[in-house]
Amino acid sequence: MPMIREAVVTTIDRSGLAHLAPLGLIEDGQGWVIAPFRPSTSLDNLVETPFAVANYTDDARIFAGLVTGRRDWPLVPAAKVPVPRLADALAHAELGIARIEDDAARPRFHCEILHREQHAPFAGFNRAKNAVLECAILLTRLHMLPRDKIEREIAYLATAIEKTAGPQEREAWSWLMQKREAFYAEN
Ligand SMILES: Cc1cc2nc3c(=O)[nH]c(=O)nc-3n(C[C@H](O)[C@H](O)[C@H](O)COP(=O)(O)O)c2cc1C
């Protein structure tokens, strides 16, 4: 299996409206593959405007925010592509779509890296940030996974939050827990 990096990916529609989504970037030689499951706004945008920005951030609130409907994160123009980048990214890569492998479930967008920039230093690993990321992925699969598996994994991840979270991670975790509660109140 190729290595996957978790990024916040910016895309734009044909009118220039920006969209952010956490997406895995799949290692592919010198470039990356973006593989969104249908239906997806990111996917539609990549077909309409064949550029993207991979934003590398350790702000767990952005990952948790995007899967809980908090979409308003500050953006600024990128250097070489018409797609904006996250203002607070630690680094970003500007991507051009070189080739699309179409698929009924999950098309693959092969991207070449057109430009890279570093904005702030990486300050090291943090278990709570990782726990937020894992929980955010789990919560995008609430409809697909049995409740006992979800609850078991959340209980495990909660230990890292209790032991190592700062204010950002606690806030991100609270958004995720609200989403879990709202989902199980209705399902
Ligand atoms: C860390 C992380 C990685 C994700 N990676 C993918 C991915 O590679 N492909 C995908 O379809 N969804 C992925 N998701 C779920 C999408 O972010 C989510 O379904 C989102 O709504 C994409 O749809 P959109 O383009 O309409 O916003 C990921 C979620 C998280 C939290």
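Here the sequence shown is numbered in our numbering, starting from 2 and rising by one per residue. Virtual Cβ for every residue (Gly too), placed ideally from N, Cα, C. Just so it is clear, the structure is predicted and the values come from calculations on it, not from any experiment.
Here's the rule I'm using: 16 or more other beta-carbon atoms within 10 Å means buried, otherwise exposed. How should residue i be labelled?
i    : result
P37  : buried
D149 : exposed
A106 : exposed
A186 : exposed
T160 : exposed
K164 : exposed
F110 : buried
I114 : exposed
G170 : It should be noted that the sequence gives Glu, not Gly, for residue 170. Result: buried.
P78  : exposed
L146 : exposed
P85  : buried
A121 : exposed
P83  : exposed
From the DSSP secondary-structure annotation, give me the bridge partner or partners of residue i.
i    : result
Q119 : A92
C112 : W33, I98
F52  : G97
R171 : Answer is none; R171 lacks a bridge partner.
I27  : I5, V34
Y57  : A92
L21  : T11
R86  : V77
If you measure from the beta carbon of residue i to each beta carbon in chain B, is any gap under 8 Å?
i    : result
I151 : In the displayed structure, chain B is absent; only one protein chain is listed.
Please determine, among the options, the residue with the shortest C-alpha to C-alpha distance to residue i.
i    : options                : result
S43  : D60, L18, G30, D59     : L18
K81  : R109, R6, P51          : P51
N188 : A166, H144, W176       : H144
C112 : E95, N127, P122        : E95
R39  : A99, I5, D104          : D104
T11  : A53, R109, E49         : A53
I101 : L26, A121, D73, L47    : L47
W176 : A88, P83, L67, L158    : L67
D29  : A22, R6, R15           : R6
R134 : H120, I155, A124, H116 : This sequence places Leu at residue 134; Arg is not what is there. If we check each option's Cα against that of L134, I155 comes out closest.
P3   : P23, L21, W33          : W33
A129 : R62, L140, A88         : R62
D60  : I13, L76, D89, T69     : D89
Can you tell me where the beta strand (DSSP E) with residue i in it begins and where it stops?
i  : result
R6 : 5-13
Could you please give the first and the last residue of the uninterrupted alpha helix (DSSP H) stretch that includes residue i?
i    : result
P40  : Neither: P40 is in no alpha helix (DSSP H) and is coded neither H nor E.
A129 : 128-140
K150 : 148-165
- Query: So which residues touch the region around ligand 1, with touch meaning a C-beta under 6 Å from any heavy atom?
  - Reply: This selection yields E7, A22, P23, L24, G25, A36, P37, F38, S41, T42, S43, F64, V68, L134, A137, I138, T141.
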